[in-house]
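Here is the structure we will look at.
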Amino acid sequence: MQEKYRNMAPEECAARFKRNRILSFIIYILVLITIGAFFLKRAFYIFPLMNCDLEIVEIYHGLDKANFSLFLIRVVVCFLVMAIVLSMQELFFFGIFITLCEPDKYINAEQILSRHNFFFRRYYKFAIINLGLAYSSIEDYENAWNYYKKIIPASPERCSNIRILTALASYFYDSGDKENATLYRARLDNIKASNKKSLQLDLTLDNFIIREALDNKQFDEAKELINKYINNHRVSQLTKIHYQYYLGLIAYETKDYPEAIYRFRTALENGSKLPFAGDANAKLEEICKSYHV
112 MQEKYRNMAP
122 EECAARFKRN
132 RILSFIIYIL
142 VLITIGAFFL
152 KRAFYIFPLM
162 NCDLEIVEIY
172 HGLDKANFSL
182 FLIRVVVCFL
192 VMAIVLSMQE
202 LFFFGIFITL
212 CEPDKYINAE
222 QILSRHNFFF
232 RRYYKFAIIN
242 LGLAYSSIED
252 YENAWNYYKK
262 IIPASPERCS
272 NIRILTALAS
282 YFYDSGDKEN
292 ATLYRARLDN
302 IKASNKKSLQ
312 LDLTLDNFII
322 REALDNKQFD
332 EAKELINKYI
342 NNHRVSQLTK
352 IHYQYYLGLI
362 AYETKDYPEA
372 IYRFRTALEN
382 GSKLPFAGDA
392 NAKLEEICKS
402 YHV
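Take 112 as the starting number for the sequence shown in my numbering and just add one per residue.
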């Protein structure tokens, strides 16, 4: 599904998402109507048994309960299937950003849906966080804050929503707000200390360590943590591309130029629209000119 979005303009991405979402709701409603029709058909079929003797009436009550139970089971199953379908649609749409690594396209497509207030999307916390993440990824921290300020917890020390905490911690760290970055990072450390299991939690905290290790030229420590996640299938393509770039930086700084060329080129295959692309291209050009690669 993400590949279908690759060659589309933002308007086309939004239109496809809306079309798929509306089609899903139409199918859902039709299935519910069908389930209701079967329920009523059986109910009317056994209804004459109400006017028979006591033994037949008891049979009727048993059949009626079974019919109603079957109706409820079908409705619940239908609801669960619909919830899974909607979640998958959201995930594929978000994949424009985290898998195809096209934050600008995702932002534009998401804003089209928000302007149309599509299924109350403007107030949807999932979309708010995603837009904040997308703006942060292109270093547009002012616009990112316009979304993040809507989800700021009243008391960060008591907040337990890992997705909100990790998003805000990363935002404050990237934007240079050391005070708030320290506050949210401390809260994440406390949650981790309570033996909370979460890949997003571990990834965010380790990413801070990786960035600091790179700044301090502690390349072995950074490399060890990167290798912990770079082949994990649960880690997004966006994160893996950033890690390829970091490995390229490490190779460049340690003068392992063949490795640097490989890592930078790998990062640029899908990350050409991300902020690091300019630096990666410049370093690649420098290496290739110096060593006639």
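Ideal Cβ positions, reconstructed from N, Cα and C, are used throughout, including at glycine.
Quick caveat: nothing in here was measured; it's all calculated off a predicted structure.
For serine 266, the three-state secondary structure derived from DSSP is coil.
The beta-carbon distance between tyrosine 217 and phenylalanine 203, rounded to whole angstroms, is 12 Å. This is too long to meet the 8 Å contact definition.
Straight-line spacing of the CA atoms in aspartate 285 and glutamate 213 works out to 19 Å. At least 7 Å separates the beta-carbon of leucine 316 from that of leucine 294. Contact between the stretch 274-290 and the stretch 241-256 is present: three or more C-beta pairs spanning the two stretches fall below 8 Å. When the five nearest sequence neighbours on each side are left out, the beta carbons in the same chain lying within less than 8 Å of the beta carbon of asparagine 241 are those of Phe205, Phe208, Tyr217 and Glu221, in order along the chain. Secondary structure of threonine 293 (DSSP, three-state): helix. Judged by DSSP in its simplified three-state form, glutamate 250 adopts coil rather than helix or strand.
DSSP places arginine 374 in the helix class (H, G or I) of the three-state scheme. The three-state reading of DSSP puts threonine 350 in helix, counting H, G and I together.
For the pair isoleucine 184 and leucine 151, the Cα-to-Cα distance works out to about 15 Å. With respect to the C-alpha of serine 309, the residue from Arg322, Lys334 and Leu276 having the closest C-alpha is Leu276.
Put simply, the backbone Cα of aspartate 331 is about 49 Å away from that of histidine 227. The C-beta separation of isoleucine 352 from leucine 336 comes to about 16 Å, leaving the pair out of contact by the 8 Å criterion.
In the assembly as shown, arginine 130 is an exposed residue. Its beta-carbon has fewer than 16 other beta-carbons within 10 Å. Residue state for glutamine 329 is assigned as coil, using DSSP reduced to three classes. Counting along the chain, phenylalanine 158 sits inside no alpha helix (DSSP H), nor does DSSP assign it H or E at all.
Non-local beta-carbon contacts of phenylalanine 387 in its own chain, meaning distances under 8 Å to residues more than five positions away in sequence, involve His353, Tyr356 and Ala378 in chain order. Ala371 is the residue among Ala371, Lys384 and Ala280 whose C-alpha sits nearest the C-alpha of glutamate 396.
Take alanine 154, set aside five residues on each side of it, and the residues of its chain with a beta-carbon closer than 8 Å to its own are Asp175 and Asn178, in chain order. For the set Leu279, Ser271 and Cys270, the Cα lying nearest the Cα of asparagine 257 is the one of Leu279. Going by C-alpha positions, aspartate 367 is about 39 Å away from asparagine 306. For the set Ile195, Arg117 and Glu169, the Cα lying nearest the Cα of phenylalanine 136 is the one of Ile195.
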